[in-house]
Amino acid sequence: MTDNNATPSKSAPLDRATQGPFDDSEANPVRPYIDLGGIKILPREGLNLRLEVEEQSKRIVAVGLDYADSSLQVQPFAAPRSGGLWDETRVQLRDQVRTQGGRVEEREGPLGKELLAEVPATANEGSELRLARFVGIDGPRWFLRGVIGGAAASDLEAAAQVEDLFRSIVVVRGGAPMPPRDLIPLKMPATPGSA
1 MTDNNATPSK
11 SAPLDRATQG
21 PFDDSEANPV
31 RPYIDLGGIK
41 ILPREGLNLR
51 LEVEEQSKRI
61 VAVGLDYADS
71 SLQVQPFAAP
81 RSGGLWDETR
91 VQLRDQVRTQ
101 GGRVEEREGP
111 LGKELLAEVP
121 ATANEGSELR
131 LARFVGIDGP
141 RWFLRGVIGG
151 AAASDLEAAA
161 QVEDLFRSIV
171 VVRGGAPMPP
181 RDLIPLKMPA
191 TPGSA
């Protein structure tokens, strides 16, 4: 059943609502989340959090999580209520990686369809290709994108830990209207005791 005018379907594990990533309405209200605006992160032993800031606008554009000898960069985006963004985003990412001289293959992973890419390393990392996994999950009115690097790009045990971390994230879409693909605003976490 293919209808060319159909909205792109949502791409998410069938158990997303119970296993995550969660919508704010599905999250356990008593858990001690770190509130970063558009997403909430559950603290865990050995987890380091970095906020990635755009130089010119000083806007936080991504959250970097270092965990299990791996890195996970996440970005929450607004999405249409009916359709998803991951199918289209994967095509764009695939083209982008190839344009940069990397190699990329699509595969079925524990979180659904994902891209396994070998991307040219940055100048200070030498001339190696670095392995990265691009994952994405469509939720209700949001899309959460992750880039997994380090051990979890190839080591199954580390991968399982990072996938679990990705699935523990809560996306706070908010009620304000936003065009699809707009980054849901992120903010600095409040320091404990200043709330």
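With the UniProt record's numbering applied, the sequence shown covers 1 to 195.
Just so you know, even glycine gets a beta-carbon here, dropped at the ideal spot from N, CA and C.
- In the three-state reduction of the DSSP assignment, V162 falls in the helix class, which pools H, G and I.
- If you draw a straight line from the Cα of R59 to the Cα of A152, it comes to about 28 Å.
- In terms of Cβ geometry, P185 and G37 form a close pair [threshold 9 Å].
- Following the DSSP letters along the chain, one finds Q56 in no beta strand (DSSP E), marked with neither H nor E.
- Per the C-alpha coordinates, the member of L165, A117, L42, I34 positioned closest to S154 is A117.
- Secondary structure note for R103: its beta strand (DSSP E) is the uninterrupted segment 103-109.
- In this structure, G84 sits near F143, with a CB-CB distance shorter than 9 Å.
- In the DSSP assignment, Q75 falls within the unbroken beta strand (DSSP E) covering 70-78.
- Here P140 has D23 as same chain residues with Cβ atoms under 6 Å from its own Cβ, once five neighbours each way along the sequence are excluded.
- In terms of CA proximity to E163, I137 leads the group S11, R94, I137.
- The beta carbons of L115 and E105 sit closer together than 9 Å.
- Cβ contact annotation for Q73 (same chain, cutoff 6 Å, sequence separation greater than five): A62, G64, V147, in chain order.
- With fewer than 16 other Cβ atoms inside 10 Å of its own Cβ, T18 counts as exposed.
- 9 Å or more divides the Cβ of G109 from the Cβ of A12.
- For E118, the enclosing beta strand (DSSP E) has its first and last residue at 112-120.
- If you check the CB distance, G150 and P120 do not come in under 9 Å.
- Straight through space, the alpha carbons of V170 and A27 are spaced by roughly 7 Å.
- Distance from the Cα of A68 is smallest, within the candidate group W86, E54, G46, for G46.
- Sequence-distant partners of R130 (beyond 5 residues in either direction) whose C-beta falls short of 6 Å from its own C-beta, in its chain, are V119, A121.
- A residue is called buried once 16 or more other Cβ atoms fall within 10 Å of its Cβ, and T99, having fewer, is exposed.
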